[in-house]
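2 protein chains.
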Amino acid sequence: MTDTVTPDLIALHPTAQAQLFTDARTANTFTDEPVTDAQLRAIFDLAKYPPTAANTQPLRVLYIRPGETRERLLTHMADGNRAKTATAPVVAVLAADTHFHEFTHRTFPIRPEMRDDFAADPARETMARFNAALQIGYWLLAVRAAGLAAGPMAGFDTDGVDREFFTDTTWRSLLVVNLGKPGPDAFPRLPRLDYDDVVRHA
Amino acid sequence: MTDTVTPDLIALHPTAQAQLFTDARTANTFTDEPVTDAQLRAIFDLAKYPPTAANTQPLRVLYIRPGETRERLLTHMADGNRAKTATAPVVAVLAADTHFHEFTHRTFPIRPEMRDDFAADPARETMARFNAALQIGYWLLAVRAAGLAAGPMAGFDTDGVDREFFTDTTWRSLLVVNLGKPGPDAFPRLPRLDYDDVVRHA
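So the sequence lines, in the order shown, correspond to chains A and B. Quick note: the first sequence uses the working numbering, first residue -13, plus one each step. Quick note: the second sequence uses the working numbering, first residue -13, plus one each step.
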C-alpha cells in the first residue's frame, strides 16, 4: 500500500483498498490459468449495480475466447496491442448501445414515455457513450474484485471492430480489455497527478 | 446482499462487495453530518490509481460547499435536481481537462513527444471525456469506500456551469454529484438488465 493512502478515513477494509485501487495493476501478460464463464457472469453481477443516468445501463460486452473470432479481432488492434491480445485467456470488447432506450420499459418502468423522449434526443449517443464509460470504470474494478487483472486498450480501429462484430446491432465499441491472471512482469507504475493538480475547492 | 451475487467466485470480501456494489445506493437526501476536507482528499488518494489511456488522468473536480458559490451552481441545475443540491454537505462538479496533455511530461515522462502528439490530435477532447468518465466510475466507488453516499446528476446546463466556473480553465463539466451521509429515504432500486441482455460470447 502506498504512503498517500489514509486508511483511517476510508471505511473500506485495507485489503479491499489494495485489491481494487492501490495495489492492483494493469496486466500486459497473463498466466495460462483459465477464466471461466461463471467468473465472467459474477463480474457482471457486481458491475451492474452502480448508477447510470436514468438507470439506462448502456454498457454491452462481447467476450472473445481464443480461436477464429479472436484472429479477426487482432487485425483491428494497434501493432503494440496485438501480441498481448493474442495471448490473453479472454478478451472483452466493451461497447455502448446507442439504442439503450429500447430497454427503458424494463429499466425505468414508472416512466414509459422515456423511450420516445430518448428516441428523439440528438444527445442520445453521447449519453450512451458517457454512461457506458462510467460502467466500464465499475466493470474494471469488478474484474479486480474477481481476482483477475485487466489490460485495457484504446489502441484499435473502432470502425473496423464495429463492422466486424456489431453490424447487426446498435453497439459501438469503446475499449478492448484483456482478462486473466496476471503474469509476473508488470511495468513500473507511472506517476499519478497530485491532489492540487486536479482538485479545486470553492 | 442480493441473491444474484456469487461470492465464491469473487475474491473481494463480501462486506466490501456490499459496500461498493450490491448494497450501496444513490442518495437523494443527506444527514447534517459534515464531510471533511480530509475525507475528500482520501477519496482522491484511492480514485487516482485505476487506469486511464496513456496514464492521462483527465478527471478534474471542483468541490463546492454551502454559500454563495453553491447558489450560483443552483441556477444551472435542472428543476428536479435543485432542492437536493441545495442541501447536500458538499457538491462536486466533475469535469474533463481538454488540455490534459499539459501534464504528460509528468504522467508519461518516458515519452515526452506525447505532449505534442496530443496537442495536434483532433480526438483529444473525446479522449478526455471518455477517460474522465472512466475515472468518475472509479471516483464514485471511492466515495462509497469512504463511507459516504453519492447522488450523481446529469441534469444541469453544462455550458452554463462551464461559463460560471471554468472560463479561466480548459475544464469541461460532465457530472454534478452530491456527497454526504445518506438520509433515510432512498428510492426503491430500479431493475438491472439481465446478463443475456448485455453480454455476448464468441
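Ideal Cβ placement from N, Cα and C applies to all residues, glycine included.
Give the interface partners of residue i over in chain A, defined as CB-CB distance under 9 Å, in chain order.
i             : result
residue 123/B : 36, 119, 120, 121, 122, 123, 124, 125, 126, 127
Along the chain, where does the alpha helix (DSSP H) that runs through residue i open and close?
i             : result
residue 32/A  : 23 to 33
residue 146/A : 144 to 151
residue 60/A  : 54 to 60
residue 101/A : 100 to 105
Please state whether DSSP places residue i in a helix, a strand or coil.
i             : result
residue 37/B  : coil
residue 122/B : helix
residue 164/A : strand
residue 117/A : helix
residue 178/B : coil
residue 11/A  : coil
residue 78/B  : strand
residue 6/A   : helix
residue -4/A  : coil
residue 110/B : helix
residue -9/A  : Low local confidence applies: a pLDDT of 49 at residue -9/A is under 50, so the model's placement there is unreliable, and no value is given.
residue 68/B  : helix
residue 158/B : strand
residue 51/B  : coil
residue 169/B : coil
Using 9 Å as the threshold, is the C-beta distance between residue i and residue j below it?
i             : j             : result
residue 130/A : residue -2/B  : yes
residue 118/A : residue 59/A  : no
residue 121/A : residue 123/B : yes
residue 162/B : residue 46/A  : no
residue 13/A  : residue 4/A   : no
residue 81/B  : residue 126/B : no
residue 113/B : residue 64/B  : no
residue 40/A  : residue 1/A   : no
Find the residues of chain B that neighbour residue i, judging by a C-beta separation of less than 9 Å, and give them in chain order.
i             : result
residue 183/A : 43, 46, 89, 92
residue 32/A  : -9, -4, -2, 3, 6, 7, 8
At which residues does the beta strand (DSSP E) containing residue i begin and terminate?
i             : result
residue 87/A  : Here residue 87/A belongs to no beta strand (DSSP E), and DSSP marks it neither H nor E.
residue 137/A : 135 to 139
residue 96/B  : Looking at the DSSP string, residue 96/B is not in any beta strand (DSSP E), and its letter there is neither H nor E.
Using the beta-carbon of each residue, which ones in chain A are nearer than 8 Å to residue i?
i             : result
residue -3/B  : 5, 131, 132, 133
residue 188/B : 48, 49, 50, 51, 55, 151
residue 138/B : 37, 39
residue 80/B  : Result: empty, since nearest Cβ-Cβ is about 10 Å, beyond 8 Å.
residue 142/B : Within 8 Å Cβ-Cβ: nothing; residue 142/B doesn't reach chain A, min ~12 Å.
residue 12/B  : 37
Residue i versus chain A: which residues are under 7 Å apart at the beta carbon?
i            : result
residue 27/B : 181
Run through chain B and tell me which residues come within less than 8 Å of residue i, C-beta to C-beta.
i            : result
residue 20/A : Near residue 20/A there are no residues of chain B at all, since even the closest Cβ is about 13 Å away, more than 8 Å.
Find the residues of chain B that neighbour residue i, judging by a C-beta separation of less than 7 Å, and give them in chain order.
i             : result
residue 106/A : Residues of chain B passing the Cβ test: none, with the nearest at roughly 17 Å.
Residues of the region 168 to 179 of chain A with a CB closer than 7 Å to any CB of chain D: list them in chain order, please.
-> Looking for chain D here will not work: the only protein chains present are A and B.
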